[in-house]
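Trainee:
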Amino acid sequence: MTTDVGDTLPTHGEQTKPLPTNANSKRWRPTTRIGLGGVAIGNGFSPMTNVDSTATLQAAWDAGVRYFDTSPFYGFGLSERRFGHFLAEHPRDEFVLSTKVGRVFTAGQPPEHPLWKQPSPFVFRYDYSGDGVQRSIEDSLQRLGLARIDCVFVHDLSPDNEDFEGAWKERFAEAAKGAFPALVKLREQGVIRAWGLGVNRIDPVLMALEASDPDIFLLATQYLILHHADTVARVLPKLAERDVSMIVGAPLEAGFLGGRDRYDYGGTVPPGMPERRARIEALAKEHGIDLRTAALQFANAPAEVAAVIPGARTPEQARSNAASLTVEIPAAFWQALRSEKLIDAAAPVPRD
Numbered sequence: 054m055t056t057d058v059g060d061t062l063p064t065h066g067e068q069t070k071p072l073p074t075n076a077n078s079k080r081w082r083p084t085t086r087i088g089l090g091g092v093a094i095g096n097g098f099s100p101m102t103n104v105d106s107t108a109t110l111q112a113a114w115d116a117g118v119r120y121f122d123t124s125p126f127y128g129f130g131l132s133e134r135r136f137g138h139f140l141a142e143h144p145r146d147e148f149v150l151s152t153k154v155g156r157v158f159t160a161g162q163p164p165e166h167p168l169w170k171q172p173s174p175f176v177f178r179y180d181y182s183g184d185g186v187q188r189s190i191e192d193s194l195q196r197l198g199l200a201r202i203d204c205v206f207v208h209d210l211s212p213d214n215e216d217f218e219g220a221w222k223e224r225f226a227e228a229a230k231g232a233f234p235a236l237v238k239l240r241e242q243g244v245i246r247a248w249g250l251g252v253n254r255i256d257p258v259l260m261a262l263e264a265s266d267p268d269i270f271l272l273a274t275q276y277l278i279l280h281h282a283d284t285v286a287r288v289l290p291k292l293a294e295r296d297v298s299m300i301v302g303a304p305l306e307a308g309f310l311g312g313r314d315r316y317d318y319g320g321t322v323p324p325g326m327p328e329r330r331a332r333i334e335a336l337a338k339e340h341g342i343d344l345r346t347a348a349l350q351f352a353n354a355p356a357e358v359a360a361v362i363p364g365a366r367t368p369e370q371a372r373s374n375a376a377s378l379t380v381e382i383p384a385a386f387w388q389a390l391r392s393e394k395l396i397d398a399a400a401p402v403p404r405d
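Mapped onto my numbering, the consecutive letters of the sequence shown carry residue numbers 54 to 405.
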């Protein structure tokens with residue numbers, strides 16, 4: 054097992070660059086190319102206190118992060134409440150926020166969940182209809198205590214969602230008739246600025262591009278320094294054609310690239326991945342950087358990527374994630390990865 058780098062700052066010399074921002078585009082993009090993902094703030098994997106979550110959010114803000122992503126699903130409303138409590142103390146025009154639709158929550162005692170520890174006392178039902186979108190957004194605004202949401206992602210409409218028991222395409226058809234047109238209308242009305250899908254697989258992204266007019270996708274666990282060839286070949290060209298961008302979710306593979314034996318939000322690590330991780334980490338150390346810095350900058354390199362959103366459980370992690378994008382990585386490091394075929398030859402790197 055590699056060393057857990059979650060609480061250490063990048064090691065490659067002085068931080069010489071400001072946090073990267075997005076260039077102008079006809080479609081909405083987050084302000085900064087690094088955001089804060091809200092899984093940990095919603096008690097993902099283990100509980101945290103309100104005091105600790107506020108300290109982590111404050112550290113991200115102080116480090117220059119101005120994009121925050123959450124979801125009603127994260128802790129069954131807990132993440133949204135914590136984000137809203139913190140962000141309400143800051144001028145609304147100084148940050149952007151995305152949340153998600155697809156589940157509607159009502160009061161009740163939730164069953165045990167493998168991801169959420171001590172969630173809020175709510176239960177959910179899936180609803181990808183237009184009315185469900187309206188209800189979900191209204192509920193999110195109440196939990197957040199904010200006047201508007203910048204971007205909305207249709208959540209977990211994907212073949213890996215075990216709740217669908219294989220019938221995810223039927224759910225997709227429901228969303229294509231209900232949620233998608235409703236979100237297009239809300240964008241036209243100025244209620245939201247952008248919408249897309251928040252999923253952990255590639256196929257729904259490609260289908261949504263055919264079915265409607267999304268602005269941006271949150272694609273988690275599919276564009277990582279460990280594996281990315283399918284996204285490079287199948288997704289990035291389609292996004293470029295439509296001036297649509299992508300947020301890279303879980304750019305540290307839900308903690309695996311921080312040294313944890315946790316992969317794809319679960320506990321099963323694919324064969325060969327620990328060895329691949331160890332070799333990339335060794336090369337990173339040879340070039341004076343840490344694994345997290347390499348992973349975050351790799352995920353952020355394509356022009357089609359609008360931001361990466363690692364999660365953080367501590368202020369140190371939040372500061373380190375932001376600092377990783379300000380470090381100059383030697384070109385020789387990327388050359389070494391390509392030489393050993395540890396990254397796809399067509400994958401962009403920061404110096405391309």
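In this text, a Cβ means the ideal position worked out from N, Cα and C, and glycines have one as well.
Treat the numbers as computed from the prediction; the structure is a model and nothing was measured.
So A160 is in the beta strand (DSSP E); what residue range does that whole segment cover?
Mentor: Here residue 160 refers to the residue found at position 107 of the sequence shown. That run of the beta strand (DSSP E) goes R156 to A160.
Trainee: So, with DSSP's three-state summary, where would you put S298?
Mentor: Within the sequence shown, numbered from 1, the residue matching residue 298 stands at position 245. Strand at S298.
Trainee: Do three or more CB pairs link the segment 320-329 to the segment 268-275 at distances below 8 Å?
Mentor: No, because fewer than three Cβ pairs between the segment 320-329 and the segment 268-275 fall closer than 8 Å, the two stretches do not touch.
Trainee: Taking 8 Å as the threshold, find out whether the segment 365-372 comes into contact with the segment 285-305 through three or more Cβ pairs.
Mentor: The segment 365-372 is not in contact with the segment 285-305.
Trainee: I need the straight-line Cα distance from D213 to D317, nearest angstrom please.
Mentor: Against the sequence shown, residue 213 aligns to sequence position 160. Against the sequence shown, residue 317 aligns to sequence position 264. Straight-line Cα distance between these residues: approximately 11 Å.
Trainee: Is it buried or exposed for D122, if we count other Cβ within 10 angstroms and need 16 for buried?
Mentor: If you number the sequence shown from 1, residue 122 lands on position 69. Looking at its Cβ environment, which holds 16 or more other Cβ atoms inside 10 Å, D122 is buried.
Trainee: What residue from F351, V358 and I362 has the CA that sits closest to L384's CA?
Mentor: Within the sequence shown, numbered from 1, the residue matching residue 384 stands at position 331. According to the sequence provided, residue 384 is Ala. The question's Leu does not apply to it. Nearest C-alpha to A384: F351.
Trainee: Among A226, P73, R287 and D192, which residue has its Cα nearest to the Cα of T85?
Mentor: To locate residue 85, count along the sequence shown from 1; it is residue 32. Of the candidates A226, P73, R287 and D192, the one whose C-alpha sits nearest the C-alpha of T85 is P73.
Trainee: Does I342 come out as helix, strand or coil in the three-state DSSP assignment?
Mentor: For this step, residue 342 is matched to residue 289 along the sequence shown. Reduced to three states, the DSSP call for I342 is coil.
Trainee: On the CB-based measure, 16 or more other CB atoms within 10 Å of its CB, does H208 come out buried or exposed?
Mentor: By one-based count along the sequence shown, residue 208 stands at place 155. With 16 or more other Cβ atoms within 10 Å, it is buried.
Trainee: Who are the near neighbours of A307 in its chain, counting only those whose CB is closer than 6 Å to its CB and skipping five residues on each side?
Mentor: Position 254 of the sequence shown holds residue 307. Only R315 and Y318 meet the Cβ criterion.
Trainee: Can you name, in chain order, every residue of its own chain whose Cβ lies under 6 Å from the Cβ of A264, other than the five neighbours on each side?
Mentor: In the sequence shown, residue 264 corresponds to position 211, counting from 1. Excluding sequence neighbours, A264 sits near A229.
Trainee: Please work out which residues of its chain come closer than 6 Å, Cβ to Cβ, to A389, disregarding the five sequence neighbours upstream and downstream, and give them in chain order.
Mentor: Position 336 of the sequence shown, counted from the start, is the residue given in the question as residue 389. If we look at A389 and ignore the five residues flanking it on each side, its Cβ neighbours are L336.
Trainee: Taking the continuous alpha helix (DSSP H) assigned at R224, which residues delimit it?
Mentor: As a position in the sequence shown, residue 224 is number 171, starting the count at 1. Its alpha helix (DSSP H) spans residues W221 to K230.
Trainee: Give the secondary structure of G59 by DSSP, where H, G and I count as helix, E and B as strand, and everything else as coil.
Mentor: Numbered from its first residue, the sequence shown carries residue 59 at position 6. Confidence at G59 is low in this model, with a pLDDT of 48, below 50, so its placement is unreliable and the value that follows should be read with caution. Note: G59 maps to coil in three-state DSSP.
Trainee: Rounding to the nearest angstrom, what Cα-Cα distance links F98 and G312 in this structure?
Mentor: If you number the sequence shown from 1, residue 98 lands on position 45. If you number the sequence shown from 1, residue 312 lands on position 259. Approximately 15 Å between the Cα atoms of the pair.
Trainee: Between which two residues does the alpha helix (DSSP H) holding I190 run?
Mentor: For the purposes of this step, residue 190 is identified with residue 137 of the sequence shown, where counting begins at 1. Counting along the chain, the alpha helix (DSSP H) containing I190 begins and ends at G183 to L197.
Trainee: From which residue to which residue does the alpha helix (DSSP H) around H138 run?
Mentor: For this step, residue 138 is matched to residue 85 along the sequence shown. Where H138 is concerned, the enclosing alpha helix (DSSP H) stretches over L131 to L140.
Trainee: Use the C-beta contact count for D180: other C-beta atoms within 10 angstroms, 16 or more gives buried, fewer gives exposed.
Mentor: In the sequence shown, the residue the question calls residue 180 occupies position 127. Label assigned to D180: buried.
Trainee: Report yes or no: do the segment 140-151 and the segment 162-179 share at least 3 C-beta pairs separated by less than 8 Å?
Mentor: No: fewer than three Cβ pairs fall under 8 Å.
Trainee: Counting C-beta neighbours from all protein chains within 10 Å, is the total for D146 16 or more, i.e. buried, or is it exposed?
Mentor: On the sequence shown, position 93 is the one that residue 146 refers to. Exposed is the call here.
Trainee: Give every residue of the same chain whose Cβ lies closer than 7 Å to the Cβ of D266, excluding the five residues on either side of it in the sequence, and list them in chain order.
Mentor: Reading the sequence shown from its first residue, position 213 is the one you call residue 266. Contacts found: V237.
Trainee: Could you check how far apart the C-beta atoms of G117 and A359 are, in whole angstroms? I think they sit under 8 Å.
Mentor: Looking up residue 117 in the sequence shown gives position 64. Looking up residue 359 in the sequence shown gives position 306. Between A359 and G117 the Cβ distance is about 16 Å, and since that is not below 8 Å, they are no contact.
Trainee: Using DSSP with H/G/I as helix, E/B as strand and the rest coil, what is D122?
Mentor: Taking the sequence shown and counting its residues from 1, one reaches residue 122 at position 69. In the structure shown, D122 sits in a strand (DSSP, three-state: E or B).
Trainee: Kindly indicate the opening and closing residues of the alpha helix (DSSP H) around L72.
Mentor: Looking up residue 72 in the sequence shown gives position 19. That residue, L72, is in no alpha helix (DSSP H); it is neither H nor E in DSSP.
Trainee: Ignore the nearest five residues each way along the sequence and tell me which others in A113's own chain have a CB closer than 6 Å to its CB.
Mentor: In the sequence shown, the residue the question calls residue 113 occupies position 60. The answer, listed in chain order, is L89 and A371.
Trainee: Closer than 8 Å by C-beta to T284: which residues in its own chain qualify, once you throw out the five before and the five after it? Chain order, please.
Mentor: In the sequence shown, residue 284 corresponds to position 231, counting from 1. Answer for T284: I255, L272, Q275 and Y276, listed in chain order.
Trainee: Bridge partners of R178, per DSSP?
Mentor: By one-based count along the sequence shown, residue 178 stands at place 125. Answer is V157.
Trainee: To the nearest angstrom, how far is it from the Cα of F225 to the Cα of A399?
Mentor: Numbered from 1 along the sequence shown, position 172 holds the residue referred to as residue 225. Numbered from 1 along the sequence shown, position 346 holds the residue referred to as residue 399. Between F225 and A399, the C-alpha separation is close to 31 Å.
Trainee: Taking only the alpha-carbon atoms, compute the straight-line gap between Q217 and E223 and give it to the nearest angstrom.
Mentor: Residue numbering aside, residue 217 sits at position 164 when the sequence shown is read from its first letter. Residue numbering aside, residue 223 sits at position 170 when the sequence shown is read from its first letter. Looking at the sequence shown, residue 217 is not Gln but Phe. Straight-line Cα distance between these residues: approximately 9 Å.
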